[in-house]
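Below is one structure; the comments refer to it alone.
2 protein chains.
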Amino acid sequence: VARRGRRPGRSQTRDDILESARRSFADLGYDRATIRGIAREADVDPALVMHFFGNKERIFAEVMSLPFDAETVSARVLAGSRREIGLRLTRFFLEVWDDPVLGAGMLALVRSAASYPEAADRLRELVSANIVPLIAGSVEGRDAELRSNMVSAQLIGTAFLRYVLRVEPVASTDREALAQTLAPTIQRYLTGR
Amino acid sequence: VARRGRRPGRSQTRDDILESARRSFADLGYDRATIRGIAREADVDPALVMHFFGNKERIFAEVMSLPFDAETVSARVLAGSRREIGLRLTRFFLEVWDDPVLGAGMLALVRSAASYPEAADRLRELVSANIVPLIAGSVEGRDAELRSNMVSAQLIGTAFLRYVLRVEPVASTDREALAQTLAPTIQRYLTGR
Chain F
1112 VARRGRRPGR
1122 SQTRDDILES
1132 ARRSFADLGY
1142 DRATIRGIAR
1152 EADVDPALVM
1162 HFFGNKERIF
1172 AEVMSLPFDA
1182 ETVSARVLAG
1192 SRREIGLRLT
1202 RFFLEVWDDP
1212 VLGAGMLALV
1222 RSAASYPEAA
1232 DRLRELVSAN
1242 IVPLIAGSVE
1252 GRDAELRSNM
1262 VSAQLIGTAF
1272 LRYVLRVEPV
1282 ASTDREALAQ
1292 TLAPTIQRYL
1302 TGR
Chain A
1112 VARRGRRPGR
1122 SQTRDDILES
1132 ARRSFADLGY
1142 DRATIRGIAR
1152 EADVDPALVM
1162 HFFGNKERIF
1172 AEVMSLPFDA
1182 ETVSARVLAG
1192 SRREIGLRLT
1202 RFFLEVWDDP
1212 VLGAGMLALV
1222 RSAASYPEAA
1232 DRLRELVSAN
1242 IVPLIAGSVE
1252 GRDAELRSNM
1262 VSAQLIGTAF
1272 LRYVLRVEPV
1282 ASTDREALAQ
1292 TLAPTIQRYL
1302 TGR
């Protein structure tokens, strides 16, 4: 999975702090992550974290964005044979989660959303505004939004068992084997067959 | 859904404290729930909470149990026509989550497991020791454990979208309509058709 490139004009230090924040929120959730801990992980002074972001809420808002954009998903998932769209979507989702940096971003999102109402609001917004329309646009037939929700539910639930709870066997199942197991379900929600 | 009855010899006050703790952990997650807040909700002195449980960890351990037992699930889900086992399991799951008391217990489990490693360990244990074998025993063919995981993933993911994130339309879809939408997926994982 290609990560978003660094934007021009952004400093490396700011990026290092964001990456450290992403890890902290992923490991600890919003409440237990601290400015001090984020600074220590990024090997900078806490005052520098404050200089760039002001407070924990604002770092959190920066971290809480989906680590990929709609065009990337379109290019990777929507283009190509309709008969394998379920497989491509499933592979893309699992690759994002298996990537050390992107996966930490997703883990931070899910973990924080579960315990912190503002993060839940943010993730609901992301799902409602980005993921539901994106997937629903590919669903044939009626109940497109509800079936789009079922796709998200199957994928997020799988991530919860594999990456948060680490339940076996799904936690250590080979990614491609897992994609093959999930794909028929995702395909049926999308195209009804 | 029939709730577990109060065990003989257990005091009403202790039960009230447990119910208040369940709500606190569901609303706030483990980290932000406090003995003081639990006591206030139960309308008792914090010293009484300490008397019964000693500390927050121990109240948490009591609350972190599945709010139903294997016999109940067997009687409700496994008995009856194999062709509708997916529908019965889905209905049972959604009824538990829609129940005010049992649902709060499930929400406490999922919310705390997402942000608190000991709660994740506890929920993983519950899923691995109770839910995977229970469901896997009903799966026909190979990969029974992995397909049991996929059943859990679809159901837990649906609960996450419906009750934690409150994404539409799944958040306000009628329970029976949602069960009918999910049941074919669950049925295919269980029986392959």
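Which chain is which? The protein sequence lines are F and A, in order. Quick note, the first sequence lines up with residues 1112 to 1304 if you use our numbering. Quick note, the second sequence lines up with residues 1112 to 1304 if you use our numbering. Quick reminder that beta carbons are idealized off the backbone N, C-alpha and C, glycines included. Computed from a predicted structure; not experimentally measured.
How would you list, in chain order, the residues of chain A whose beta-carbon sits under 8 Å from the beta-carbon of residue i?
i, result
"F:D1142", "G1140, D1142, R1143, S1226"
"F:R1235", "L1276, R1277, V1278"
"F:E1256", "E1279, P1280"
"F:T1292", "D1254, L1257, R1258, M1261"
In chain A, which residues lie with their C-beta within 7 Å of the C-beta of residue i?
i, result
"F:Q1265", "A1264, Q1265, G1268"
"F:L1205", "Within 7 Å Cβ-Cβ: nothing; F:L1205 doesn't reach chain A, min ~12 Å."
Which residues in the same chain have their Cβ closer than 6 Å to the Cβ of residue i, if we skip the five residues on either side of it in sequence?
i, result
"F:T1124", "none"
"A:S1226", "G1140"
"F:G1120", "With a pLDDT of 46 at F:G1120, under the threshold of 50, the modelled position of that residue is not reliable, and the figure given next carries that caveat. Excluding sequence neighbours, F:G1120 sits near nothing in its chain."
"F:D1285", "none"
"F:A1132", "I1149, I1170, V1174"
"F:F1164", "I1170"
"A:A1282", "R1273"
"F:Q1298", "G1197"
Residues in the same chain with beta-carbon distance under 7 Å from residue i, minus the five sequence neighbours each way, listed in chain order, please.
i, result
"A:V1188", "I1196, R1199, L1200, F1203"
"F:M1261", "Y1300"
"F:S1249", "L1189, I1196, L1301"
"A:A1294", "G1197, L1198, T1201"
Mapping DSSP to helix, strand and coil, what is residue i?
i, result
"A:T1124", "helix"
"A:D1232", "helix"
"F:Y1227", "coil"
"F:G1303", "coil"
"F:A1144", "coil"
"F:V1278", "coil"
"F:R1118", "Confidence at F:R1118 is low in this model, with a pLDDT of 46, below 50, so its placement is unreliable and no value can be given for it."
"F:N1241", "helix"
"A:E1287", "helix"
"F:V1221", "helix"
"F:N1166", "coil"
"F:D1254", "coil"
"F:S1249", "coil"
"A:V1155", "coil"
"F:R1273", "helix"
"A:D1210", "coil"
Residues of chain F with CB closer than 8 Å to the CB of residue i, please, in chain order.
i, result
"A:S1239", "V1278, E1279"
"A:N1166", "Here the premise fails: no neighbours, minimum Cβ distance about 18 Å."
"A:F1222", "Checking the sequence shown, residue 1222 of chain A turns out to be Arg, not Phe. Those within 8 Å of A:R1222 in chain F are A1225, S1226."
Which same chain residues, not among the five before or five after residue i, have their C-beta less than 8 Å away from its C-beta?
i, result
"F:R1118", "Its pLDDT being 46, under 50, F:R1118 is placed unreliably in this model, and the value from its coordinates should be taken loosely. There are no such residues."
"F:A1172", "R1233"
"A:I1246", "L1200, S1259, V1262, S1263, L1301"
Which residues of chain F have a Cβ atom closer than 9 Å to the Cβ of residue i, listed in chain order?
i, result
"A:T1302", "Those do not exist, as A:T1302 stays about 14 Å from chain F at its closest Cβ, beyond 9 Å."
Since residue i meets chain F, which of its residues come closer than 7 Å, beta carbon to beta carbon?
i, result
"A:T1284", "L1257"
"A:L1200", "Within chain F, no residue comes near A:L1200; the closest Cβ sits about 15 Å away, beyond 7 Å."
Review point. Pairing CB atoms from the segment 1242-1255 of chain A with CB atoms from the segment 1151-1168 of chain F, are three or more of them under 8 Å?
Key: no
Exercise for review: Within the segment 1172-1205 of chain F, note down every full beta strand (DSSP E) run reaching 3 residues or more, in order along the chain.
Suggested key: none
Point to revise | Touching by the beta-carbon criterion (3+ pairs, under 8 Å), the segment 1132-1148 of chain F and the segment 1218-1235 of chain F | key: A contact exists between the segment 1132-1148 of chain F and the segment 1218-1235 of chain F.
Exercise for review: Please determine if the segment 1211-1226 of chain A and the segment 1126-1139 of chain A are in contact, where contact requires at least 3 C-beta pairs separated by less than 8 Å.
Suggested key: Yes, they touch.
Exercise for review: Decide yes or no for the touch test of the segment 1264-1275 of chain A against the segment 1269-1287 of chain F: beta carbon pairs closer than 8 Å, at least 3 of them.
Suggested key: The answer is yes - the segment 1269-1287 of chain F touches the segment 1264-1275 of chain A, with three or more Cβ pairs under 8 Å.
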